[in-house]
Every structure is written in structure tokens, then in C-alpha cells.
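Residue numbers (this note's numbering): 115 to 866. The structure appears below as C-alpha cells.
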Amino acid sequence: MHDRLLAWLEADPSLQPREVMVMVPDMPAFAPHIHAVFGRFTPGQPRYIPFSVADTTARQSPLVQALEQLLNLPSSRLSLADWLGLFEVAAVRARFGLDEAGVLQLQTWLSAAGVRWGLDADHRQAWGLPAGASGLAQNTWAFGLRRLLLGYAVGAGSAELWCDTLAQPALSGLDAPLAAGLLDWLDAIEQTLPTLQAEQTPAQWGQTLQALVARFFAADDEADERAIGHLLAPLEVWLQACADAQLTNPLPLEVVREHWLAQLSESGLQQRFFGGGVQFGTLMPMRSIPFKVIALLGMNDGAYPRVQSARDFDLMAGSWRAGDRSRREDDRYLFLEALLSARQTLYVSWQGHSASDNSPRPPSVLVAQLLDYLNSCWSPARQAQAQPLQPFSSVYFEAGSGFDTFDADWEQIRPLARMEPAQIAIETIAPQALAEAPRSLTLADLERLLRQPVEVFFRHRLQVEFDQPDELEQEDEPFALNALQAFQAGQALLQAAGDAQALARLQGAGALPLAGFGQRTAAHLLDQAQTVLQAQEPWWQHYPEPLAAQPVDLVLDGGLTLSGTLTDLRGQTMGSRSPCLQLAARTGAVLQGQKGAAAARGHVLVGLWVRHLAACASGLVVTSVQLGVDGQVLLRPLSADAALAVLNRLARAYAQAWAAVLPVACKTAWAYLLTEQHNQQLLAAGKPGKDAWEEARKVFDAGPRGGEWQTSVYLQRAFASDAALAEGLPYWAQELYGDLLAGLDMSQEGSP
Numbered sequence: 115m116h117d118r119l120l121a122w123l124e125a126d127p128s129l130q131p132r133e134v135m136v137m138v139p140d141m142p143a144f145a146p147h148i149h150a151v152f153g154r155f156t157p158g159q160p161r162y163i164p165f166s167v168a169d170t171t172a173r174q175s176p177l178v179q180a181l182e183q184l185l186n187l188p189s190s191r192l193s194l195a196d197w198l199g200l201f202e203v204a205a206v207r208a209r210f211g212l213d214e215a216g217v218l219q220l221q222t223w224l225s226a227a228g229v230r231w232g233l234d235a236d237h238r239q240a241w242g243l244p245a246g247a248s249g250l251a252q253n254t255w256a257f258g259l260r261r262l263l264l265g266y267a268v269g270a271g272s273a274e275l276w277c278d279t280l281a282q283p284a285l286s287g288l289d290a291p292l293a294a295g296l297l298d299w300l301d302a303i304e305q306t307l308p309t310l311q312a313e314q315t316p317a318q319w320g321q322t323l324q325a326l327v328a329r330f331f332a333a334d335d336e337a338d339e340r341a342i343g344h345l346l347a348p349l350e351v352w353l354q355a356c357a358d359a360q361l362t363n364p365l366p367l368e369v370v371r372e373h374w375l376a377q378l379s380e381s382g383l384q385q386r387f388f389g390g391g392v393q394f395g396t397l398m399p400m401r402s403i404p405f406k407v408i409a410l411l412g413m414n415d416g417a418y419p420r421v422q423s424a425r426d427f428d429l430m431a432g433s434w435r436a437g438d439r440s441r442r443e444d445d446r447y448l449f450l451e452a453l454l455s456a457r458q459t460l461y462v463s464w465q466g467h468s469a470s471d472n473s474p475r476p477p478s479v480l481v482a483q484l485l486d487y488l489n490s491c492w493s494p495a496r497q498a499q500a501q502p503l504q505p506f507s508s509v510y511f512e513a514g515s516g517f518d519t520f521d522a523d524w525e526q527i528r529p530l531a532r533m534e535p536a537q538i539a540i541e542t543i544a545p546q547a548l549a550e551a552p553r554s555l556t557l558a559d560l561e562r563l564l565r566q567p568v569e570v571f572f573r574h575r576l577q578v579e580f581d582q583p584d585e586l587e588q589e590d591e592p593f594a595l596n597a598l599q600a601f602q603a604g605q606a607l608l609q610a611a612g613d614a615q616a617l618a619r620l621q622g623a624g625a626l627p628l629a630g631f632g633q634r635t636a637a638h639l640l641d642q643a644q645t646v647l648q649a650q651e652p653w654w655q656h657y658p659e660p661l662a663a664q665p666v667d668l669v670l671d672g673g674l675t676l677s678g679t680l681t682d683l684r685g686q687t688m689g690s691r692s693p694c695l696q697l698a699a700r701t702g703a704v705l706q707g708q709k710g711a712a713a714a715r716g717h718v719l720v721g722l723w724v725r726h727l728a729a730c731a732s733g734l735v736v737t738s739v740q741l742g743v744d745g746q747v748l749l750r751p752l753s754a755d756a757a758l759a760v761l762n763r764l765a766r767a768y769a770q771a772w773a774a775v776l777p778v779a780c781k782t783a784w785a786y787l788l789t790e791q792h793n794q795q796l797l798a799a800g801k802p803g804k805d806a807w808e809e810a811r812k813v814f815d816a817g818p819r820g821g822e823w824q825t826s827v828y829l830q831r832a833f834a835s836d837a838a839l840a841e842g843l844p845y846w847a848q849e850l851y852g853d854l855l856a857g858l859d860m861s862q863e864g865s866p
């Protein structure tokens, strides 16, 4: 529609935007899309078209939604998500002197400080938490502010507790305006919350609610000033009505709130009609006014004529008589009025295919009847023109396609598309891209290859990050840690050598659950850390000397270089050429399967394996050990030539993964190899083996936690189903992970 309007305005200089009327069956459904498309451009830009949207209620405006959120403060938990939603409104940001960048910065700081919900411990008691609960103030706004202000006072680098609070370095002297805006908001909440919890007379409510609006909203421009004025107008009318009725009884907040918001929700025919520019409105009476251009959008079967469900108590629906109103007949007449209102151009649009399965969708019966009538009177027959689904479709940029677009942004990234078909352009560009493959790799590159091979193509080759929407976990109070939080807490304990003070720092940072749940989690984490540290102690006694960081600078086949740094090495003596140890520890599991038939977790070992290969290829005699709560896995020393051969294979695999998506996934490939290894043992014992592909498929898309495919957005983007891996998985599983499986030592003795 936007491109079509630009074409009309360019073809007819006398046509003005105010002479265009666009009508839709359901404005609440279309309004967000209208603002998303037409609101992208500002006056002065070539593609800017002035527009106005009629028939939207004030309840849908951000300002009224913010007011509704404030009026619900007594029943609000005041979570970080609530705060973020409130500050998405420009008038609220203007009141507290913040901009969008400032709000994002504060959100980052508050998340790091552990703010979840509740003003303080007293506010949480209103939600049923016992007064004597341990750590009741943890993860409240007061808790987060203490951490931020303590971090400002003591500076960065301090890891000591002060009054059971761990400093969170974030604020600096230049951040005073941001901190002031946050403190002003909290002060406004503390002033407002008690006044909303008590019953008041209408006169008192008038003062309270007017103070609330003044306390939280400030006009950033004339539009906001008018909106705030419209916000207060129904309140003043209600106060006058109460005064006329001599109503002096105390009223609860619910009564006042619902009446005020209901008055704001009332709609009328006069709402923003003829607001200037291209006018968007609903197909309703009194909208069919002559315009040069009339456009009808959303004319799908079922959407128009609009379907009205009959209610059980509607007796007229079951016994219709001549003269009764029919919504369907009304819509037919409105459609006729819209046709007669078009003076130069009539444009009718509908969704021709389903967005879910691309199945055809018919137009409204009125549109079908109109087409039949036109084709019976004119020759040749008129056919509806199907538009491409996406604005970056190749047909927009192909010569002679009959389609064009004013969106030059897509044209800039498709310079060859107008001269030749898209596939030829891709084939022309592909050899140039392949010639730019990296000639130097790092250890991190190979680790990513083994952790998830498909990410190499997307993240390294295309430079594409598939970010998932941020989940505001701070909105909930956890009773246990998730996998990532448990891993981070366990690593903190291991780095602190199991010191109980490390647990206190975790509690002071708000990283553990509340009360008894936190105590139980802390005890469990400490037990796991002690188990791993006990298994680590014999290795450190045998390799007592910490070694300096060892640089890695290897030349592989074809002149490819591999670089990196090996840290945390330990030796029997200070010499780096003596036997040395590379140890990785985690408080999670390193084995999988049942006792007696346990196997290593391949995805846990890939990072250690790459560093082990680099160390051996550099001439070190290194033993690498991965410790966990359930055992240990060893990687014995390799010769330099053997390690270089494996690194060369991985480098070639990286080049292929960089050029195209490899049909392999880490956990799935590991399951395939383990099943093949187990089948060899069963075959030697004269027993039948299992289907390796079937076992791998279970890991890919039917695992206990949803499968590997469900946990990776990159796998979801690359593969529609497990069938895409069936042919290439056996080869790539062996190529990437076969050497790792062959080099494992599953000894559980625990002594070096």
C-alpha cells in the first residue's frame, strides 16, 4: 500500500495525500501495522507520507496504558518488567529526565544488580511472604539500589561483602542524571502507593489522581500536552457529577479506576477523522465521503462482510422479520457507498494466501461479485494481481517483472538483481566469497566448530546473530537455579576453592533463591564443589607448579595459521617441556548413561580437546583432564604429528563449514558415534546392535528436554527436520568427533 501510494503521488502531481482514503474492516487489528509502515519515515524524507488514523480509542494509546498500570499499583508486584513497560512511554521518560538509551542502560544495571520484584521487604509481606523469612529483602528494588550505590562508593574490583551486600560496580560520576531519574521514580512510587490503597471521597480522589498524573507524566511536545489534557477531562467531568449529586461517601480505587478508564474508552464518529494526510478509517456509516482515491484493505472472506455471533438472549436472531437490522446487509451497503465515493481510483486488497501454510484464501464475496460483474461488462477480463509476500522479493528487482518498489534500501544490497536472475547473481557472487575464506584461525574458531558446526556458517561467514527475545527472568522468584545459573555458581565456588565466603557473595549478589530454598541450593552447590575439589587435589599434588601461559602459533596445511593461548597449565617442575597438566573442572556431570556403561559427554569435552590438540602439536607433553561430580575423563598425550593431523582435518572441516551449512549437530553426532561404538561391542558378544541413526534422531528432536534442534535457533534455521541430516551425519560425525572418541580414557581411578 505504501509503495502504491508513492506511485500514485508521483504519477499525478495534483493528487494530495489528504485526497486519499483507506478503509479497513477492523481498525484495532490494522492500526499497529499502519503505524509500523507509515510511521517509519519523518517529514523531509523522500518516502514520507503524512497520515492519520481514525476510529481508535484512547484506551489503546501508550499514555492511557501507562495510566492504567499506575492505577493498578496496589495489585502490582513492581517487577523489573513493569518498570520497563512504564518507561516505554515518552511522557514518563520526560517526567524523570531519561531518554531511551538511558532506560536501556538502567535496565542493564538493574538486571546485573539482581532486581526482580518488590520495593523492599515490607512491600513483599503484602504478597504473603512471612515477616521472619531469611533474606526477604533480596532481589527487591531497595536491594538492587544498595548494590549499585555501594559499587559507586567502593569502586570496581571490590569483592568483599559490606552488611551482607555485595557491591555492583556500574555507576560513575557522569551517571548522576540516570541515577537521579531512577531515584525520583522510586520516590514517586512510594508517595503514590499509600494514597491508592485507602478509600477516599470523590474530592480527595480528584486531588490524588491529579497529583498522580502530574507526578508521573510530563509533556514532551504539543501532542503529549493535548493527550494529558484529554486524560484529565473525564476525571473533571466525573468530579463535577459527584459534586452535583452531593456524593461524599468514601469510594474504593476499583470504582474510580474503572469509571475513569471506561470514559476514556468511549468511541465516537468524530475521533480523529480528517486528521490530515492520508486518512485511515473503518468501513462504517458516515465514512463514505467522496475522495479522489479510495482503498479498501483486508477484504477477505469472513473478514468482510463482518460476522456477528448471535447471543443466547438475542430473540431477534432466531426470528428475523422484515425491517430488522442485518449487519451483513449493512456491510454490503457500506461497500457500495465506498465504491461510489471513489472519484478517480479504486483499490481493493485482500490476503490471497495463508501466512501459515500458503494455502489460497478467497476474497470477500462482495469483491468476488464485483469482479464477476466487471468481467461481464469489460474485455479483456480483469484478474487480481498477486503481490510478493516480502518487500525484498527478487521480482521487485528483476527487469520486466511488472513489479517495482520505492524501497531503495533493498536495492542497495541487490546490485545485480535488476540485470540477471537472482540465482545467477548468487552463483556469480559465491566464488568471490569463497576466495575470502579466512587464512588464519584461532582456538576459539575450532571450539565453535565442534560445539555447533552450523554456527560457523551463520556467525562467521554471514556475520548473522540469531538473537532470541530477552526473557525478563527478574519478573519471577525462582525456587531453584536454571542450568546456566547453576553452572556459573559452581564455577564461582571452584575458583574460590570451595570457600564458604564465596557462597555468601553469591547470596549477597542475589544469585541464590530465597530463604530455605537458597540454603538448600547453597548446600548442594557446596557439596558438588567439594566433590570436584577432592578429585582435583591428587592431580595438583602430582603437578604442583603453575606454568606461565603458553602461546600457540602453528602453521597447518596450505599455509593456514592457528593461534591462541594456553592458560592454567601445571607442571611437575618449572620447565615447560616436562610433563604438564591441563585440567578443567565443572560442578555438573561429565558422563552420560547408566553405571557400568557410562560414556563421556562430547559437548562438554570439545573445548578441552581443541586446547589439548594445540598443546600437543606445540610440543608439550600434556595430559588433559575434565573433572565433574560424577567422574573424570582423561586425554592422554599425543605426538606432535598426530595432533597436527587432527588439527588439519578440523581446519579443512572449518573451511567447508564456512562455505556451507554442514549436515551435522554436536550432540546428535556424538550419540551416533557412541551407538556405533556400542554396536561393535555387542557384535563381538554375538548380540544384535541398535540403529545408530534412530538413536541420533532421538537426541536431535525427541530428547527429554525437547531435543538439540529445539535448543538452537541456528539448527532451526538450517534444518526443517532430522531428515536433512540423515545422509551426511555418518561422515561428518566421524570427521569431527571420531578422533575425540578414540582418544578418551574413561579411567575412574582418580590418580595421575
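Glycine included, C-beta positions come from ideal geometry on N, C-alpha and C.
Query: Write down every uninterrupted run of the beta strand (DSSP E) in the stretch 447-507 whose length is 3 residues or greater and which is fully enclosed by it, in chain order.; Result: 456-462
Query: Report buried or exposed for residue 152, applying the criterion of at least 16 other Cβ atoms within 10 angstroms of its Cβ.; Result: buried
Query: When the Cα atoms are used, what is the spatial distance from residue 557 to residue 675?; Result: 11 Å
Query: Kindly list the residues whose CB is nearer than 7 Å to the CB of residue 126, restricted to its own chain and excluding five residues on each side of it in sequence; keep chain order.; Result: none
Query: Three-state secondary structure (DSSP) at residue 684?; Result: strand
Query: Compare the beta carbon distance of residue 622 and residue 858 with 8 Å and say whether it is the shorter of the two.; Result: no
Query: Return the residue from the list 227, 228, 254 and 352 that minimises the CA-CA distance to residue 239.; Result: 254
Query: Tell me, which residues are paired with residue 276 by DSSP?; Result: 279
Query: Enumerate in chain order the residues of its own chain whose CB-to-CB distance from residue 532 is below 6 Å, with the five nearest sequence positions on each side excluded.; Result: Per-residue confidence for residue 532 stands at a pLDDT of 43, beneath the threshold of 50, marking its modelled position as unreliable; the derived number appears in the next sentence. Correct list, in chain order: 511 and 513.
Query: How about residue 396 and residue 138: do their beta carbons lie closer than 8 Å?; Result: yes
Query: Do the CB positions of residue 316 and residue 356 come within less than 8 Å of each other?; Result: yes
Query: Taking the alpha carbon of residue 166 as the reference point, which residue from 158, 179, 149 and 160 has its own alpha carbon closest?; Result: 149
Query: Tell me whether the beta-carbon of residue 633 lies closer than 8 Å to the beta-carbon of residue 657.; Result: no
Query: In this structure, how does DSSP classify residue 176 when only helix, strand and coil are distinguished?; Result: helix
Query: Between the Cα of residue 296 and those of 307, 256 and 846, spot the shortest distance and give me the residue it belongs to.; Result: 256
Query: I'd like to confirm the pairing. Which residues does DSSP put opposite residue 314 in its beta bridges?; Result: 365
Query: For residue 850, count the other beta carbons within 10 Å of its own beta carbon; 16 or more makes it buried, fewer makes it exposed. Which is it?; Result: buried
Query: Applying the criterion that 16 or more other CB atoms from any shown protein chain within 10 Å of the CB defines a buried residue, is residue 804 buried or exposed?; Result: exposed
Query: Across the stretch 604-616 and the stretch 225-241, are there enough close Cβ pairs to call them in contact, namely three or more that are closer than 8 Å?; Result: no
Query: Looking at the structure shown, is residue 189 part of a helix, part of a strand, or coil, going by DSSP?; Result: helix
Query: Helix, strand or coil: which one does DSSP assign to residue 852?; Result: helix
Query: Taking only the alpha-carbon atoms, compute the straight-line gap between residue 146 and residue 154 and give it to the nearest angstrom.; Result: 12 Å
Query: From 570, 722 and 581, pick the residue whose C-alpha is nearest to that of residue 748; which is it?; Result: 722
Query: Less than 8 Å separating the beta-carbons of residue 123 and residue 129?; Result: yes
Query: Kindly provide the ranges of any alpha helix (DSSP H) runs that are 4 or more residues long and lie completely inside the stretch 609-646, ordered along the chain.; Result: 614-622
Query: From the DSSP output, read off the bridge partner residues of residue 410.; Result: 137 and 462
Query: So, are the CB atoms of residue 694 and residue 735 less than 8 Å apart?; Result: yes
Query: Comparing C-alpha positions only, which one of 571, 717 and 648 sits nearest to residue 785?; Result: 717
Query: Taking all protein chains shown into account, do 16 or more other C-beta atoms lie within 10 angstroms of the C-beta of residue 258, making it buried, or fewer, making it exposed?; Result: buried
Query: Name the one or two DSSP bridge partners that residue 736 has.; Result: 694
Query: Mark residue 496 as exposed unless 16 or more other C-beta atoms lie within 10 angstroms of its C-beta, in which case mark it buried.; Result: exposed
Query: From the DSSP secondary-structure annotation, give me the bridge partner or partners of residue 745.; Result: 742
Query: Would DSSP call residue 225 helix, strand or coil?; Result: helix
Query: Terminal residues of the continuous beta strand (DSSP E) containing residue 667?; Result: 664-669
Query: State the Cα-Cα distance for the pair residue 361 and residue 309, rounded to the nearest angstrom.; Result: 20 Å
Query: Count Cβ pairs between the stretch 327-346 and the stretch 195-208 that sit closer than 8 Å; are there 3 or more?; Result: yes
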